[in-house]
Amino acid sequence: MDNPFQLITDAFTPEYRVNLSIQGLDGSIMLTLSKAGRVVAKRMISADQRDDPQRLKRLVQSIQFGIAIEQGHSALAILEAMTDSDTFKLPLPAAKGRPGQRPFLRVAV
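Residue numbers (my numbering): 1 to 109.
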């Protein structure tokens, strides 16, 4: 089995700073993603989720989905992209006053 900590880190870097910290004796960990000094997402990951590759993949996709929604992407477009491949690109919302100049958001699992 692949290292779950490495899988989580690889899914979110280099776009985000990834911090994983042990939360309890049960093996749960806290995932904190930050960018430009602000917390983008924070999730508790149970030992069961961490140790099951399928559950871990779904958790990562769920976090990516939530971040993309907060950035203004269409939920339907994101779900379609997630079902089409393991790695996909979505355009980021246009900056005010700069339509058409949109960088891409890379999401991978």
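Note that CB positions come from ideal geometry on N, CA and C, so glycine has one too.
- Under the Cβ criterion (8 Å, minimum of three pairs), the segment 46 to 62 counts as touching the segment 19 to 28.
- Take the alpha-carbon of residue 74 and the one of residue 2: they are about 32 Å apart.
- Residue 35 has 38 as its beta-bridge partners, per DSSP.
- Residue 42 is not a Cβ neighbour of residue 17, given a cutoff of 8 Å.
- By the CB criterion at 8 Å, residue 67 and residue 40 fall inside the cutoff.
- Going by DSSP, residue 56 is part of the alpha helix (DSSP H) stretching over 53 to 70.
- Here residue 77 is exposed. Its C-beta has fewer than 16 other C-beta atoms within 10 Å.
- Checking the DSSP bridge columns, you'll see residue 45 partnered with 29.
- Ranked by Cα distance from residue 4, the options 14, 71, 20 are led by 20.
- The continuous beta strand (DSSP E) containing residue 21 extends over residues 17 to 22.
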